[in-house]
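Novice: Got a structure for you, questions after.
Number of protein chains: 2
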Amino acid sequence: MSLVTDAADKPTLYKRIRADIEKRILTGEWPPGHRIPFEHELVARYGCSRMTVNKALSELAQADLIERRRRAGSFVRRPQHMSAVLKIADIRAEITALGRAYGYELIGRKLRAATAADRDRLGVKKAGKVVAITCRHSADNVPFAVEDRLIDLSSVPDAATADFSREPPGSWLLHHVPWTEAEHTISAIVADDHTADALAIAVGAPCLVIDRYTWRSARTITAVRLLYPGDSHRLVARFKGG
Amino acid sequence: MSLVTDAADKPTLYKRIRADIEKRILTGEWPPGHRIPFEHELVARYGCSRMTVNKALSELAQADLIERRRRAGSFVRRPQHMSAVLKIADIRAEITALGRAYGYELIGRKLRAATAADRDRLGVKKAGKVVAITCRHSADNVPFAVEDRLIDLSSVPDAATADFSREPPGSWLLHHVPWTEAEHTISAIVADDHTADALAIAVGAPCLVIDRYTWRSARTITAVRLLYPGDSHRLVARFKGG
DNA sequence: TACGATTATATGTCTAGACATATAAGTCAA
DNA sequence: TTGACTTATATGTCTAGACATATAATCGTA
Chain A
1 MSLVTDAADK
11 PTLYKRIRAD
21 IEKRILTGEW
31 PPGHRIPFEH
41 ELVARYGCSR
51 MTVNKALSEL
61 AQADLIERRR
71 RAGSFVRRPQ
81 HMSAVLKIAD
91 IRAEITALGR
101 AYGYELIGRK
111 LRAATAADRD
121 RLGVKKAGKV
131 VAITCRHSAD
141 NVPFAVEDRL
151 IDLSSVPDAA
161 TADFSREPPG
171 SWLLHHVPWT
181 EAEHTISAIV
191 ADDHTADALA
201 IAVGAPCLVI
211 DRYTWRSART
221 ITAVRLLYPG
231 DSHRLVARFK
241 GG
Chain B
1 MSLVTDAADK
11 PTLYKRIRAD
21 IEKRILTGEW
31 PPGHRIPFEH
41 ELVARYGCSR
51 MTVNKALSEL
61 AQADLIERRR
71 RAGSFVRRPQ
81 HMSAVLKIAD
91 IRAEITALGR
101 AYGYELIGRK
111 LRAATAADRD
121 RLGVKKAGKV
131 VAITCRHSAD
141 NVPFAVEDRL
151 IDLSSVPDAA
161 TADFSREPPG
171 SWLLHHVPWT
181 EAEHTISAIV
191 ADDHTADALA
201 IAVGAPCLVI
211 DRYTWRSART
221 ITAVRLLYPG
231 DSHRLVARFK
241 GG
């Protein structure tokens, strides 16, 4: 079997080279640790210039599929840690993607000077104003998740006057504060009286909890806790790479 | 302010160009939708050849930070959906990373012809042999997670003779079957008698559940269910991008 | 044998061009 | 006004070189 596919040059050359190598790695023909042909060998094999194979190999290296070492060559990477790309979509998008009717209801909204608990939750030192929002998302009129959010107004002053009775704060923030970073913590709890009531489930029923803390270049933006009925909701993540 | 940093050329030129642009995007100086200077403008600004700025821009495009459109130019991408990279490490690695002593205990191991339930769980049609493994991971001698796993022997025949009394099946598989794909489902349950006993928690306590289904180029490898005490375990994911 | 200096080599980066191609924008006719 | 045609242009890909640099391998020496 030759490295060169005899298919017509439908995609570009460097993409064909990249795909050829990627296939060999993914099928296990070239196992972890295997040395990939040197650039000059690939140049000879594909009859192209070195920049072209270099581009293919560079992209494979950027995708962590191979490791390149000077003087030694390029090697199939040994899979290290499983990493799953967990897409945490806008809840509205998530529900409509399931083909269900999205419903939103603002339960409470308070503008206040940050309490000690607020500051702790947002991870900020200085006093300032915050908006605290409680709301509920539903799918086909069945409670889907309850949201308890705190927004730091010193970072997002516009949030003080935003109308959260129609638009969920998550969507609003997504459109007003781009390129944030966040940290998610996922855990499980059992529903207390208050939660059970909000989600219309039994007290003691399992709930999935997502705590998300969002910032933007060292400035705290928001902290949110999402509670899902544990037996009905699923977080699904596909991942690739051993 | 000039695009060109006056810092000495410590990193390479294309990396400086990439970093310059990335900084402007991440700080919001160039908001989503903003058009990045044309390649020929960057060529003039940095005094280099087009291939060099092209490499910088190509990498930014590969990282989904910008979008490149022929004839139109390059634009800062509008953040679409939040995606979190959830690193699901080997449990042993996870525990030792926390500075705690890792403990492993094989509870049960059965080699059998696949039952209907097994086939359903693995998503395979044909009959075949499987290994069913139950084991427990502990941190500082406290139960950390219980694992209930099924391995398809038609895909991984070596698993029939592997010694899982010392090495956890997850680690073993990671070293014997690289480059897999998987799907995770995360949910919450409350502990039943059996689970409570295995995790040394109270019946009715919350548990975090991770179901992972792993395959390799259309061949089923393994299905595993991991149960964590919901109040003690956290899945943490950092992510970037609005 | 062990260690330090030298050399060979694969990758890393870069240039100054070239042609291809998709497409935004402008032009012109129905 | 609308639709079809043309043109200008930014990106996409590629070449045939070049020098830089880290380092594996070799060689020489203590």
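In the order they appear, the protein sequences are chains A and B. According to full-length UniProt numbering, the residues represented by the first sequence are 1 to 242, in order. According to full-length UniProt numbering, the residues represented by the second sequence are 1 to 242, in order. Glycine residues also receive a C-beta, built at the ideal position from the N, C-alpha and C atoms.
Does DSSP classify histidine 137 of chain A as helix, strand or coil?
Specialist: Residue state, collapsed to three classes: strand.
Novice: Taking only beta-carbon positions, decide if cysteine 48 of chain B is within less than 8 Å of chain A.
Specialist: Not closer than 8 Å to any Cβ of chain A, the Cβ of cysteine 48 of chain B fails to qualify, so no.
Novice: Starting from cysteine 207 of chain B, find everything on chain A with Cβ-Cβ shorter than 8 Å and list it in chain order.
Specialist: Those are Ala188 and Pro206, listed as they occur along chain A.
Novice: With the cut-off set at 8 Å, would you say proline 169 of chain A and isoleucine 151 of chain A are in Cβ contact?
Specialist: Yes.
Novice: For a test of the three-state rule: what should DSSP assign to tryptophan 215 of chain A, helix, strand or coil?
Specialist: Here tryptophan 215 of chain A sits in strand by DSSP.
Novice: Please check the pair glycine 73 of chain B and isoleucine 17 of chain B, which I expect to be a contact at CB under 8 Å, by giving their CB distance rounded to whole angstroms.
Specialist: Actually they do not touch by this definition, with Cβ atoms about 16 Å apart.
Novice: Along the stretch 81-92 of chain A, where does the CB come closer than 9 Å to a CB of chain B? Name the residues.
Specialist: The residues in question are His81, Met82, Ser83, Ala84, Val85, Leu86, Lys87, Ile88, Ala89 and Asp90.
Novice: Is the beta carbon of isoleucine 133 of chain B less than 8 Å from the beta carbon of arginine 149 of chain B?
Specialist: Yes, the Cβ-Cβ distance between isoleucine 133 of chain B and arginine 149 of chain B is below 8 Å.
Novice: Taking all protein chains shown into account, decide if isoleucine 107 of chain B is buried (16 or more other Cβ within 10 angstroms of its Cβ) or exposed.
Specialist: It is exposed - the Cβ of isoleucine 107 of chain B has fewer than 16 other Cβ atoms within 10 Å.
Novice: Using a 10 Å radius around the Cβ and a threshold of 16 neighbouring Cβ atoms, would you call glycine 242 of chain B buried or exposed?
Specialist: In this predicted model, glycine 242 of chain B has a pLDDT of only 39, less than 50, meaning its place in the structure is not dependable; the value taken from the coordinates is given anyway. When all chains shown are included, glycine 242 of chain B counts as buried.
Novice: Closer than 8 Å, Cβ to Cβ, to anything on chain B: give me those residues from the stretch 173-184 of chain A, in chain order.
Specialist: Of all residues in the stretch 173-184 of chain A, Leu174, Val177, Pro178, Trp179, Thr180, Glu181, Ala182, Glu183 and His184 have a Cβ within less than 8 Å of some Cβ in chain B.
Novice: Could you have a look at glutamate 167 of chain A and say whether DSSP puts it in helix, strand or coil?
Specialist: Coil.
Novice: With 8 Å as the threshold, decide whether the Cβ of proline 157 of chain B is near any Cβ in chain A.
Specialist: Not one chain A Cβ lies under 8 Å of proline 157 of chain B.
Novice: With 9 Å as the C-beta to C-beta threshold (strictly closer), list the residues of the stretch 25-57 of chain A near chain B in chain order.
Specialist: Here the close residues are Ile25, Leu26, Thr27, Gly28, Pro31, Pro32, Met51 and Lys55.
Novice: Answer yes if the stretch 224-233 of chain A comes into contact with the stretch 201-211 of chain A, meaning at least three C-beta pairs across the two stretches below 8 Å, and no otherwise.
Specialist: The stretch 201-211 of chain A vs the stretch 224-233 of chain A: in contact.
Novice: Determine whether the Cβ of glycine 73 of chain A lies closer than 8 Å to any Cβ atom of chain B.
Specialist: Glycine 73 of chain A does not count as touching chain B.
Novice: Which residue marks the beginning of the beta strand (DSSP E) containing lysine 23 of chain A, and which one marks its end?
Specialist: Premise fails: lysine 23 of chain A lies in the alpha helix (DSSP H), 13-26, not in any beta strand (DSSP E).
Novice: Using a Cβ cut-off of 9 Å, pull out every chain A residue sitting near glutamate 105 of chain B, in sequence order please.
Specialist: Ordered by position in chain A, no residue passes the 9 Å Cβ test against glutamate 105 of chain B, which lies about 22 Å from the chain.
Novice: Distance check for glutamate 59 of chain A and proline 11 of chain A, CA to CA, integer angstroms please.
Specialist: When rounded, the distance between both Cα atoms is 16 Å.
Novice: Between which two residues does the alpha helix (DSSP H) harbouring histidine 40 of chain B extend?
Specialist: Run containing histidine 40 of chain B: 39-46, per the alpha helix (DSSP H) assignment.
Novice: What is the residue span of the beta strand (DSSP E) that serine 58 of chain B lies within?
Specialist: Unbroken run through serine 58 of chain B is the alpha helix (DSSP H), 50-62; no beta strand (DSSP E).
Novice: Where does alanine 127 of chain B land, buried or exposed, given buried means 16+ other C-beta within 10 angstroms?
Specialist: By the neighbour-count rule (16 or more Cβ atoms within 10 Å), alanine 127 of chain B is not buried but exposed.
Novice: Going by the DSSP bridge assignment, what does residue 245 of chain A pair with across the sheet?
Specialist: A query on residue 245 of chain A cannot be resolved here, the shown segment of chain A reaching from 1 to 242 and no further.
Novice: Please state the DSSP three-state secondary structure of proline 79 of chain B.
Specialist: Coil at proline 79 of chain B, not helix or strand.
Novice: So, using beta-carbon positions, are phenylalanine 144 of chain B and isoleucine 189 of chain B closer together than 8 Å?
Specialist: No, Cβ-Cβ distance for phenylalanine 144 of chain B and isoleucine 189 of chain B is not below 8 Å.
Novice: Is the Cβ of alanine 171 of chain B closer than 8 Å to any Cβ of chain A?
Specialist: Per the sequence shown, residue 171 of chain B should be read as serine rather than alanine. It does not; no Cβ of chain A falls within 8 Å.
Novice: Is any beta-carbon of chain B found at less than 8 Å from that of glutamate 147 of chain A?
Specialist: No, no contact with chain B.
Novice: Per DSSP, valine 142 of chain A forms a beta bridge with which residues?
Specialist: According to DSSP, which records beta bridges pairwise, valine 142 of chain A is partnered with A:Ala139.
Novice: From B:Ala61, B:Val131, B:Asn141 and B:Glu183, pick the residue whose C-alpha is nearest to that of threonine 161 of chain B; which is it?
Specialist: Nearest option by C-alpha distance: B:Val131.
Novice: Within the continuous alpha helix (DSSP H) that includes threonine 195 of chain A, where are the two ends?
Specialist: Run containing threonine 195 of chain A: 193-199, per the alpha helix (DSSP H) assignment.
Novice: Report the three-state DSSP secondary structure of threonine 185 of chain B (helix, strand or coil).
Specialist: Looking at threonine 185 of chain B - three-state DSSP - the assignment turns out to be strand.
Novice: Name, please, each residue of chain A whose Cβ falls closer than 8 Å to the Cβ of glutamate 59 of chain B.
Specialist: Gln62, listed in chain order.
Novice: Compute the beta-carbon to beta-carbon distance between arginine 77 of chain B and proline 31 of chain B, rounded to the nearest angstrom, for a pair I have assumed lies under 8 Å.
Specialist: Incorrect: roughly 11 Å between the Cβ atoms, too far for contact.
Novice: Can you have a look at phenylalanine 164 of chain A and say buried or exposed, based on whether 16 or more other CB atoms are within 10 angstroms of its CB?
Specialist: It counts as buried.
Novice: On the DSSP bridge assignment, give the partners of alanine 160 of chain B in chain order.
Specialist: For alanine 160 of chain B, which the question treats as bridged, DSSP gives no partner whatsoever.
Novice: So is proline 11 of chain A in contact with chain B if we call contact Cβ pairs under 8 Å?
Specialist: No, its Cβ sits nowhere closer than 8 Å to a Cβ of chain B.
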